[in-house]
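Okay, so the sequence shown: first residue is 0 according to numbering that gives the first Met the number 0, each after it adds one. The C-beta atom is built at its ideal place from N, Cα and C for all residues, glycine as well. The model shown is predicted, which means the values in this text are computed figures rather than measured ones. See structure below.
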Amino acid sequence: MQKSTKARAGVRVPPELMNIVGTSGAILAVVATGSAVTAALPDPNVWQFAGAYLAPAALAFAAYWWIAQKL
């Protein structure tokens with residue numbers, strides 16, 4: 000029995016589109032996490048407000064940097 004090798008006709012997503020989707024997802028995750036942290040604080044001052052958004056942004060950048068090093 001001989002198997003036929005045929006190329007799969009799948010949908011190819013361009014890497015640029017995947018980059019846009021990934022960046023959009025990261026931005027939404029950072030904003031959602033920052034707003035959740037800000038909502039949990041009783042009376043946030045300016046520095047706590049900034050930290051609530053900068054901490055998840057720093058983690059997102061670290062993940063991006065780590066992935067970029069592996070490519």
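Check                                                                         : Outcome
Simplified DSSP state of P55, which is helix, strand or coil                  : helix
The alpha helix (DSSP H) enclosing N44, as first and last residue numbers     : Segment: none, N44 is in no alpha helix (DSSP H) and carries neither H nor E.
Best match in G24, P41, P43 and V45 for proximity to A56 [C-alpha to C-alpha] : G24
Where G24 sits in the DSSP three-state scheme                                 : helix
Reduced DSSP secondary structure (H/G/I, E/B, other) of A40                   : Residue identity differs from the one stated: residue 40 is Leu in this sequence, not Ala. Note: L40 maps to coil in three-state DSSP.
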